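Just so you know, we're using our numbering here: the sequence shown kicks off at 1 and counts up by one.
Everything below concerns the one structure shown next.
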Amino acid sequence: MSRTDADTVDALLTHAVETVADKEHLRARLLAGEKLRVKLGVDPTAPDLHLGHAVLLRKLRAFQDQGHTVVFIVGDATARIGDPSGRSKMRPPLSDEEIAQHAKTYLAQVGAILDVGAAEVRSNSEWLDRLSLSALLALLQKFTIARVLERDDFQQRLRARTPIGLHELLYPVLQAYDSVAVRADVEIGGSDQTFNLLFGRDLQPHFQQPAQDVLTTSLLVGLDGKEKMSKSLKNAVGITEPPGDMFGKLMTIPDTALPGYARLAAGWPEKKVTELPRRFAKENPRDVKAEVARDIVALYHGAEAAKRAAEEWLRVFHDKKLPANIGETNLELKEWDIAELLVAAGLAPSKSEARRLVDQGGVQHNETPVPAGTKTLTIAKGDLLQVGKRKFVRVG
């Protein structure tokens, strides 16, 4: 292998990577030109994939670009349990209908990053729903309660006297069986998934398969710059969000989180990332942040759309002008209950959320703040309604 090939392999095993087990083993296989089966599983517990998921998907795509077979598993069976990783309490159960609805959207979203036509896309209900009781018991005999309770999440819950569901103990075992079912050579996951991934590595030899290598990626923090990106924490940026919304959200991240976004979400090389502190000192930090945001938006919507989103953001948030294109809605011209009005205009998902927005001073009518506690609002044709900094609608 040439030095260029070695550099490619090393980049594959280091960029955005937290740990690899066994790194030297996997590196040797890659340098030898072996074509590997590389697995990533995602449970459809929410309808949208976000930039945190994209870190994993882009690493999977990097393997795909090197000719490896990527196996994307939609965890429709494991979603019934809910991954306990990083959870301080049990997840609320999802119905089969909710899981199926979420899973429907995944393939199109994954296609924004992976070459889906060249990938294996599987649902783990294919094999987990067929497990007999005797087969499940044989599987569980490979592990102990003591081993499962080693995970930090469970230790913290035990100390806090927070219940641990018996079903939660099964999760890493069933995820491990996914690796057996698809004969994975490598499994990718976030660094918070290490415990689960190592179960697969331990289980495969019991089925006369080589132990998979495990690669974990760094976690992308959410817009708050503190917790990992998560829809449930309302700090996420969906990969299918419109360019303007995506750009606007990215401009709200704290400066301290910018290197992580440049590295993990924009894919900047490490040398460019390390220059950020110097650039912050010499340039306008807003412009540096906008460059990172543009690069991220361009990955999903193209460079031209990213450029327009940046220009629109400057127009609205810096120059304090109205957006160039404001959506129009046809509403009855009358005195409205303000909560019903905001829902009807598509500016709030529910009346309770609408009231919260009004009480927090987040609603404007014709560029004038609506006082907290306002119950009704009379609208006329051409009126402008605004919620927060990014939602505008004109009454038609």
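The beta-carbon is built from N, C-alpha and C at its ideal position, and this holds for glycine as well.
The structure displayed is predicted, hence computed values, not measured ones.
Between Leu233 and Gly225, the C-beta gap is not smaller than 7 Å, which leaves the two residues out of contact. According to the DSSP secondary-structure assignment, Arg37 is paired through a beta bridge with Thr69. In the structure shown, Pro259 adopts helical secondary structure according to DSSP, grouped into three states. Shortest Cα-Cα distance from Thr105 to any of Gly33, Pro93, Val74 involves Val74. When the beta-carbon positions are compared, Pro163 and His102 stay at least 7 Å from each other. Taken through DSSP and simplified to helix, strand or coil, Arg356 comes out as helix. In the structure shown, Asp185 falls within a coil segment according to DSSP collapsed to helix, strand and coil.
Bridge pairing for Lys228: Val221 [DSSP]. In the three-state scheme derived from DSSP, where H, G and I count as helix and E and B as strand, Glu335 is classed as strand.
Under the three-state reduction of DSSP, Gln386 is assigned to strand.
Contact check between the stretch 240-247 and the stretch 299-308: three or more CB pairs, one atom from each, fall below 8 Å, which counts as touching.
Boundaries for Val363: no alpha helix (DSSP H) harbours it, while the beta strand (DSSP E) harbouring it runs 363-365, taken from the DSSP string. By the Cβ test, the stretch 45-65 is not in contact with the stretch 126-146, since fewer than three Cβ pairs between them sit closer than 8 Å.
The C-alpha of Val214 is placed about 20 Å away from the C-alpha of Asp153. If you draw a straight line from the Cα of Asp295 to the Cα of Ala262, it comes to about 9 Å. When DSSP states are grouped into helix, strand and coil, Ala344 belongs to the helix group. Residue environment: Phe207 is assigned as exposed (fewer than 16 neighbouring CB atoms within 10 Å of its CB, all protein chains considered). Of all alpha-carbon atoms in Thr194, Arg161, Arg159, the one lying nearest the alpha-carbon of Gln175 is that of Thr194. Shortest Cα-Cα distance from Thr14 to any of Glu270, Ala138, Arg151, Pro205 involves Glu270.
Excluding its 5 nearest sequence neighbours in each direction, His301 has C-beta neighbours in its own chain below 6 Å: Pro243, listed in chain order. The beta-carbon separation of Val393 and Ala348, rounded to 11 Å, does not stay under the 8 Å limit for a contact. By the beta-carbon neighbour count (other beta carbons within 10 angstroms, threshold 16), Arg286 is exposed.
Classified as exposed, His318 has fewer than 16 neighbouring CB atoms from the shown chains inside 10 Å of its CB. For Ser123, the enclosing beta strand (DSSP E) stretches over residues 120-123.
Going by DSSP, Arg394 is part of the beta strand (DSSP E) stretching over 391-395. Inclusion of Gly41 and Asp185 in the CB contact set at 7 Å is not warranted, their separation being larger than that value. Relative to Glu168, the option among Leu31, Ile239, Ser88 whose CA is nearest is Ser88. With fewer than 16 neighbouring CB atoms inside 10 Å of its own CB, His25 falls in the exposed class.
Arg390 is the residue among Arg390, Glu353, Ile379 whose C-alpha sits nearest the C-alpha of Ala324.
For Val17, there is no enclosing alpha helix (DSSP H); the residue is found in the beta strand (DSSP E) stretching over 17-21.
In the three-state reduction of the DSSP assignment, Thr8 falls in the helix class. A residue is called buried once 16 or more other Cβ atoms fall within 10 Å of its Cβ, and Leu385 is buried on that count. Spanning the alpha carbons of Gln364 and Val343 requires a straight line of approximately 15 Å. Thr216 counts as buried, since at least 16 other C-beta atoms from the protein chains shown sit within 10 angstroms of its C-beta. In the same chain as Gln209, and ignoring 5 residues on each side of it, the C-beta atoms closer than 7 Å to its own belong to Val180, Arg183, in chain order. Across the set Ala290, Lys282, Gly248, Gly361, the C-alpha of Ala290 shows the shortest separation from the C-alpha of Leu258.
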